[in-house]
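*Asks:* First, the structure itself, so that you have it in front of you.
In our numbering, the protein residues as written are 16 to 580.
Below you can see the structure in the form of structure tokens.
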């Protein structure tokens with residue numbers, strides 16, 4: 016799988032400018048979370064008033080990718096080769112980490128689905144949902160996002176929740192809070208898991224509400240607050256004031272829920288199979304009073320619903336392949352889909368089974384076709400692909416030949432690839448052994464699993480706290496060295512979230528305008544153009560230093576247009 020990923024990489028661009036990998040690299044190489052010297056000079060055009068790179072993304076993923084990046088650093092220190100195909104150095108470490116966590120998610124889910132719902136066809140449902148959503152695409156063909164790793168954390172979060180509901184002590188709830196906040200520090204998406212805690216108020220329990228708050232919710236909140244404080248300290252170091260970057264991305268001026276779901280790259284358009292968890296959620300709402308299982312499923316199901324509603328506030332048309340951000344919710348999506356699939360079988364017997372199978376196979380086939388369109392468009396126009404899929408079927412034919420050639424090349428150069436991977440064999444062996452042991456493990460909700468989760472909570476939270484301390488100590492020291500070397504001599508120094516997130520927000524609105532033009536939606540085009548004008552004016556007002564005289568170019572858009580063209 017590593018060989019396949021590294022051969023497909025040349026056709027695709029890194030997601031989110033590989034920023035998550037750069038955070039890990041920065042911590043390993045510099046001991047801080049300032050990635051100004053990791054990003055390209057083109058992206059260093061603006062810095063915060065603390066001379067940090069003002070990227071919006073979270074840095075907590077460094078905790079979970081550290082073993083893979085750390086291994087690569089050891090290889091580099093001994094001048095051993097760290098490349099395979101187009102993947103070099105820490106990029107290869109990121110590919111291996113992505114594959115490890117993706118396979119771990121599938122293993123954990125297979126056990127969770129078999130045990131929690133105790134239903135048949137759990138393996139088949141997992142297979143359908145993994146192929147019918149962008150999960151496999153971002154696992155193998157575009158392995159640079161954080162979402163696959165977060166899907167593992169989502170499965171682990173669900174495990175910890177169920178174990179604590181069954182037999183949770185105040186200490187275990189505290190550790191659960193630590194782990195939850197560490198996931199949140201890895202990516203904001205994890206915060207939506209907290210909807211699952213709402214089920215605690217409705218479950219059958221022996222203790223009173225007061226006891227629940229005292230023995231569960233307060234310890235959980237304390238653990239969560241400790242890591243949240245560390246996260247905010249890192250944000251303060253980055254921005255020069257206490258804030259949270261993602262809050263600067265939400266846009267309340269226009270709302271594109273319809274396009275988010277049904278546009279050419281919309282969640283349901285690209286992955287029709289995602290209608291199953293929606294039906295599953297409605298089914299569990301209808302059966303809410305039947306038992307604790309239904310209550311837990313309903314509150315967990317709210318996580319991806321709320322997330323989708325918020326996603327539509329930042330949606331910009333055609334930017335990526337479908338519901339990438341819902342990969343984080345793969346556990347909930349699979350469980351809800353399984354509950355609905357089994358309802359079809361219970362209600363309609365063989366006919367229900369046939370309907371479910373036919374629909375799932377159609378959804379998988381459609382997902383494959385859309386993936387090929389995305390692949391074929393990636394070398395050309397990123398933001399117009401999918402405007403007329405069915406009239407452009409001939410355009411994807413050459414990519415069948417491309418994929419055939421790539422897989423043939425992998426087979427032909429298999430020996431060479433294995434030789435290049437030799438320095439990574441100890442890491443690959445350790446990762447494979449860990450996956451095999453987890454696969455063979457019985458009793459996924461057992462007390463032994465709880466002990467492993469306790470250990471994971473302590474180690475991951477402890478590591479993030481260590482990272483926070485080193486960032487606090489090393490960040491200003493490294494900035495001073497970099498300033499003396501002239502790293503920021505042409506950079507705008509700003510003080511304000513609009514200017515800090517100018518790259519992100521300006522680009523999003525430009526994409527939305529371009530998308531609206533392609534769709535012929537003059538109203539959205541006009542509205543967003545006016546909003547963008549106001550935003551640029553407010554952003555440039557936050558400039559403190561402008562050594563390269565970029566202010567006017569940013570204000571009239573003559574510079575910012577180069578971002579997406």
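Where a beta carbon is used, it is the ideal one built from N, C-alpha and C, also for glycine. Since this is a predicted model, take the numbers as computed values, not measurements.
1. Jot down the residue ranges of each uninterrupted alpha helix (DSSP H) in the stretch 80 to 151, minimum 4 residues, whole runs only, in chain order.
2. Taking DSSP's pairing of strands, which residues face residue 560 in a bridge?
3. Can you find the residues in the same chain that come closer than 7 Å, C-beta to C-beta, to residue 362, ignoring five residues on each side of it along the sequence?
4. Near residue 196, which residues of its chain fall below 8 Å by C-beta distance, leaving aside the five closest residues on each side in sequence?
5. How long is the line joining the alpha carbons of residue 382 and residue 341, rounded to whole angstroms?
6. Who pairs with residue 62 in a beta bridge, going by DSSP?
7. Taking just the CA atoms, how far does residue 365 sit from residue 199?
8. Can you tell which of 351, 174 and 68 has the C-alpha that lies nearest to the C-alpha of residue 251?
9. What is the rounded straight-line gap between the Cα of residue 387 and the Cα of residue 377?
10. Taking all protein chains shown into account, do 16 or more other C-beta atoms lie within 10 angstroms of the C-beta of residue 483, making it buried, or fewer, making it exposed?
11. Work out the CA separation of residue 65 and residue 122 for me, nearest whole Å.
12. Pull up the distance between the alpha-carbon of residue 549 and that of residue 517, whole angstroms please.
13. Given a cut-off of 7 Å, decide if residue 513 and residue 557 are closer than it, judged by their beta-carbon atoms.
14. Under a three-way DSSP split, which group does residue 459 fall into?
15. Taking the Cβ atom as the reference point for each residue, do residue 125 and residue 141 lie within a distance shorter than 7 Å?
16. Could you tell me if residue 270 is buried or exposed, where buried requires 16 or more neighbouring beta carbons within 10 angstroms of its beta carbon?
17. Nearest CA to the CA of residue 33: which residue from 43, 55 and 46?
18. On a CA-only basis, which of 523, 78 and 45 is nearest residue 328? Give me that one, please.
19. Which value, in whole angstroms, describes the spacing of the CA atoms of residue 210 and residue 273?
20. Going residue by residue through the stretch 525 to 558, where are the continuous beta strand (DSSP E) segments of at least 3 residues, counting only ones entirely within it?
21. Could you give the first and the last residue of the continuous alpha helix (DSSP H) run that contains residue 185?
*Replies:* Per the coordinate set shown:
1. 105 to 131 and 137 to 147
2. As a working mapping, residue 560 is identified with position 545 in the chain shown. DSSP output for residue 560 lists 508 as bridge partner(s).
3. Sequence index remark: in the chain shown, residue 362 carries index 347 (1-based). Once the five neighbours on either side are set aside, residue 362 has no close Cβ partner at all.
4. Here the question's residue 196 lines up with position 181 in the chain shown. The answer, listed in chain order, is 238, 239, 240, 241, 242, 243, 246 and 476.
5. In the chain shown, counting from the first residue as 1, residue 382 sits at position 367. In the chain shown, counting from the first residue as 1, residue 341 sits at position 326. Between residue 382 and residue 341, the C-alpha separation is close to 15 Å.
6. Residue numbering aside, residue 62 sits at position 47 when the chain shown is read from its first letter. Paired residues: 508.
7. As a working note, residue 199 is residue 184 in the chain shown. As a working note, residue 365 is residue 350 in the chain shown. Each residue's Cα considered, the two are about 43 Å apart.
8. Reading the chain shown from its first residue, position 236 is the one you call residue 251. Minimum Cα distance to residue 251 is reached at 68.
9. Here residue 387 refers to the residue found at position 372 of the chain shown. Here residue 377 refers to the residue found at position 362 of the chain shown. Rounded to the nearest angstrom, the two C-alpha atoms are 16 Å apart.
10. Here the question's residue 483 lines up with position 468 in the chain shown. Buried: at least 16 other Cβ atoms inside 10 Å.
11. Within the chain shown, the letter at position 107 stands for residue 122. Within the chain shown, the letter at position 50 stands for residue 65. Rounded to whole angstroms, residue 122 to residue 65 spans 43 Å at the Cα level.
12. Residue 549 sits at position 534 when you count from the first residue of the chain shown. Residue 517 sits at position 502 when you count from the first residue of the chain shown. Computed Cα separation, rounded: 12 Å.
13. Mapped onto the chain shown, residue 557 falls at position 542. Mapped onto the chain shown, residue 513 falls at position 498. Taking 7 Å as the Cβ cut-off, residue 557 and residue 513 qualify as a contacting pair.
14. The count along the chain shown starts at 1 and reaches residue 459 at position 444. Coil.
15. Translated into positions along the chain shown, residue 125 becomes position 110. Translated into positions along the chain shown, residue 141 becomes position 126. Going by C-beta atoms, residue 125 is nearer than 7 Å to residue 141.
16. If you number the chain shown from 1, residue 270 lands on position 255. Its Cβ having fewer than 16 others within 10 Å, residue 270 is exposed.
17. For the purposes of this step, residue 33 is taken as the residue at position 18 of the chain shown. Of 43, 55 and 46, the residue nearest in Cα terms is 55.
18. Here the question's residue 328 lines up with position 313 in the chain shown. The shortest C-alpha separation from residue 328 is found at 523.
19. Stepping through the chain shown from its first residue, residue 210 is reached at position 195. Stepping through the chain shown from its first residue, residue 273 is reached at position 258. Cα to Cα, the separation comes out at about 24 Å.
20. none
21. In the chain shown, residue 185 corresponds to position 170, counting from 1. It spans 185 to 201 - the alpha helix (DSSP H) in which residue 185 sits, taken as one unbroken run.
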